[in-house]
Each structure stands twice: as structure tokens, then as C-alpha cells.
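Student: The following block contains the structure, expressed as C-alpha cells.
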Amino acid sequence: MWTVRHLNSMRRTPVFYKRRINANTHLPFCAKLGSAPMLRDHYEILIFLPQFTNGTHRRLGPSSPRPSTSMKWSTTMYFELKDATATILAKSRRHDELCDLPLGLISSDCEAYDIQATAQDALGSTCRGYAIVGTSEMSRRTLGLSKPIYSEIPTSALLVGAKDFRLPPGTIGAQCEFVFTMRRPFPDAGEAIDRDSAADAVLECRPAIGIIGRRTRRVFMGDQPAIADFGLHTATICGDRPGKLSLADLADIEITTFLFKQTVFSAKAASVMDNPLNAVVWLANELSARGKQLKSDDVVATGSCTTVLQVWAGQHLAADFGPLGQLECVFT
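Printed below as a string of C-alpha cells:
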């Protein structure tokens, strides 16, 4: 049995997660994990080989011998202490650094959202709302997601009217999206969660550019690693308040993006779950299932209505949201 144990804890019960793995496949990876600089201060890796050591444990290192491929392994890997992983993620986000966490071993959405919530607490910034990623088929395909995911937006990551943005390490790209501001809590007690009730709960809608990225050096595809890693959210850049707009016409808006004034992509707002308001409905249902609700003045970033654009320092991105106005940003 493989065990990854936190060095600063006396807790004996695994509280992080466990998952069946193939030891022949994961032995080199486990050795790498044990020698990773960022994790060396947090975890020790032990291997339990009852067939050969009669129940004794020995520490695994990079030079440890590989077991015979003729052996049949049925092993369980444990990672203790979600808060240790969350603390590393929060530190990486706060200091714009990449880390070496094995997020690909997370086995459920529930565990991933638990890690994300703990990381948000460790980040120490007030929640300003929520960002959704993967609400269009194009963006899910690009990011390797099977469904939409969400994360809190820290106050420090909600930028209103910013004209330039410094891209941190691990940036994946930029997405053009809508940001709703809630007029009231949603849903109210006993209120149906549908598009009509969501429209009633929304105060305004703005154009926005969302920056998404990872905090890990290694790219882990799939829903759980992305959820744990702050839902891939980096920053949300909001445009100015628009004039009066009927939410009934929202799905018909066409969005055009430009890099260096050259048209790159065009898409309809309806590519976000058939209507951007459906993103609010989806999020309200997700939060309700976890005993939460949207609050007054919360913002909801809907996720990309175009494909995710790979951007680099020195590029100028502009987006035309039709009646909602234009938005531009220079990346540094």
C-alpha cells in the first residue's frame, strides 16, 4: 500500500482521498513526487510490501528498485490533508508561481471542490462572485472538460475597466464572456430556479474578458484537477456598465474578437448554454445542491462564448459585444 503522509501532522486517518492505481505504472511518478522540491517539506512517501517485508515500511526514494512486472498489484494511494494541497495552490496563486501538485489523482468532484474551497480560504480574499468555465462546447474541448465547472472570484481578481493585464505563469488563454450582477439573493426560499427567475434576479449584464490558467507545471486534463485548481480562473476583466438592454435579446448578441485589430473569431451569445442566463441557472442549481445561494451584488462570469484564445505578452485583444459595447486589453 502506498501512503503519502503529511510530515507536520500526527493524524493517522487519511482525510484527503484514495484511489486504486497500478503500482508498476505509478512507481516512477511516486518517486518523482517524493523528490519534488515543493512537496518534500510537506509529504513523505512510504511503501508497504507485505509480500516481502512482513509488514514493515520503508521510505521510497528516486533510486528505489522497481517491483517485478510479473507481480499482481492492487494498491491504494492515500493523500492526507486537503489543507496542505490547498495551501500550496493558494501560495502559487498569490505569488504567481507554479507548483508540482499531483492533482490528477483526485477521484471525485466533491473532493475537488473541497480542495478549491480550502484554497480560497487560504488565499484570504473576499469572494466577489463566481466564474464558470466550460459553458460552451468549444471551450470544453479546448480545456479537456466534460462539463462546466465553477469557482469563486476573489475581489483581487475582479478588475473593472482595466486596460492592461500582466499574464502570470501558467496562463492558458483568454475568453470573451458575460458578467451578470445579481440584484437580489437567488434563489429565494421556495423559488423555482429557471431562466425567468434568473432574469428577475439579475441587475445588469456587462461584457468581460476572462483569463484562465493553471497553478501546476504539469498539465492535468479532466474535470477534477481543473476544479481543484481554482476552476482554472485567473482574473475577470469587466467592461463599463452598458445602456439599457433587454435580457430577452441577450442570446442574439454577436461577439467578435480582434487581435491587433484583425478579426479572430465571431460567435453568438447563444453558444453559452443556448442563452447566457442559463449559466446563472446552472450555477444557482450547483450552489443550491451544496447549501449555498447567490447573494446580492455577486457577479457571475458565464464562461466563454467563443473558443479560448491563446494570448501572449505584447498582444492587444479587443472584443465587440454589440449593444453591450466594446472591451479591450493589452497583455504584458
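Note that the UniProt record's numbering has the sequence shown beginning at 1, numbered continuously upward.
Think of the CB as a built atom: it goes at the ideal place given N, C-alpha and C, for glycine as much as any other residue.
#1: Between the segment 125-132 and the segment 160-168, are three or more C-beta pairs nearer than 8 Å?
#2: Only counting runs of 4 or more residues, tell me where the alpha helix (DSSP H) segments fall wholly within the segment 82-113, in order along the chain.
#3: Is there contact here, the segment 132-144 with the segment 107-118, by at least three beta-carbon pairs under 8 Å?
#4: Residue ranges of each alpha helix (DSSP H) run of no fewer than 4 residues wholly in the segment 123-207, ordered along the chain?
#5: If you draw a straight line from the C-alpha of Phe211 to the C-alpha of Ala86, how long is it?
#6: According to DSSP, is Thr216 part of a helix, a strand, or is it coil?
#7: Spatial neighbours of Phe329 within its chain, please: C-beta separation below 7 Å, excluding the five flanking residues on both sides.
#8: State buried or exposed for Leu203, treating a residue as buried only when at least 16 other CB atoms are found within 10 Å of its CB.
#9: Determine which residues share a DSSP beta bridge with Lys261 and list them.
#10: Go through its chain and collect everything with a Cβ distance to Asp194's Cβ below 7 Å, but skip five positions before and after it.
#11: Which residue's Cα is closest to the Cα of Ile255: Ala270, Ser246 and Glu191?
#12: Write down the C-beta distance between Thr263 and Thr306 rounded to the nearest angstrom, noting that I regard them as a contact closer than 8 Å.
#13: Would you mind giving the Cβ-Cβ distance between Gln293 and Pro185, rounded to the nearest angstrom? I have them listed as a contact below 8 Å.
#14: Would you tell me roughly how many angstroms separate the C-alpha atoms of Ser156 and Asp83, rounded to the nearest one?
Tutor: Straight from the coordinates:
#1: No contact exists between the segment 125-132 and the segment 160-168.
#2: The qualifying runs are 82-94.
#3: The segment 107-118 and the segment 132-144 do not touch, with fewer than three beta-carbon pairs separated by less than 8 Å.
#4: For the segment 123-207, whole alpha helix (DSSP H) runs of length 4 or above, ordered along the chain, are 137-143 and 195-201.
#5: Residue mapping note: residue 211 aligns to position 211 of the sequence shown, counting from 1. Residue mapping note: residue 86 aligns to position 86 of the sequence shown, counting from 1. The question names Phe, but residue 211 is Ile in the sequence shown. Rounded to the nearest angstrom, the two C-alpha atoms are 21 Å apart.
#6: Locating residue 216 in the sequence shown gives position 216, where the first residue counts as 1. In the structure shown, the three-state DSSP call for Thr216 is strand.
#7: Mapped onto the sequence shown, residue 329 falls at position 329. Rather than Phe, the amino acid found at residue 329 in this sequence is Cys. Beyond the five residues adjoining it in sequence on each side, Cys329 comes within less than 7 Å, by CB distance, of Ala162, Lys163, Asp164, Phe165, Ile209, Ile237 and Leu317 in the same chain, given in chain order.
#8: What you label residue 203 is simply residue 203 of the sequence shown in a count that begins at 1. Exposed is the call here.
#9: The sequence position of residue 261 within the sequence shown is 261, counting from 1. For Lys261, DSSP assigns no beta-bridge partner whatsoever.
#10: Here residue 194 is taken as the residue at index 194 of the sequence shown, counted from 1. If we look at Asp194 and ignore the five residues flanking it on each side, its Cβ neighbours are Val281.
#11: Residue numbering aside, residue 255 sits at position 255 when the sequence shown is read from its first letter. The closest CA to that of Ile255, considering only Ala270, Ser246 and Glu191, is found on Ala270.
#12: To locate residue 263, count along the sequence shown from 1; it is residue 263. To locate residue 306, count along the sequence shown from 1; it is residue 306. Separation of the CB atoms of Thr263 and Thr306 is rounded to 11 Å, and the pair is thereby denied contact status at 8 Å.
#13: Against the sequence shown, residue 293 aligns to sequence position 293. Against the sequence shown, residue 185 aligns to sequence position 185. Contact between Gln293 and Pro185 holds, since their C-beta atoms are separated by about 6 Å, short of 8 Å.
#14: Numbered from its first residue, the sequence shown carries residue 156 at position 156. Numbered from its first residue, the sequence shown carries residue 83 at position 83. Their Cα atoms are separated by approximately 22 Å.
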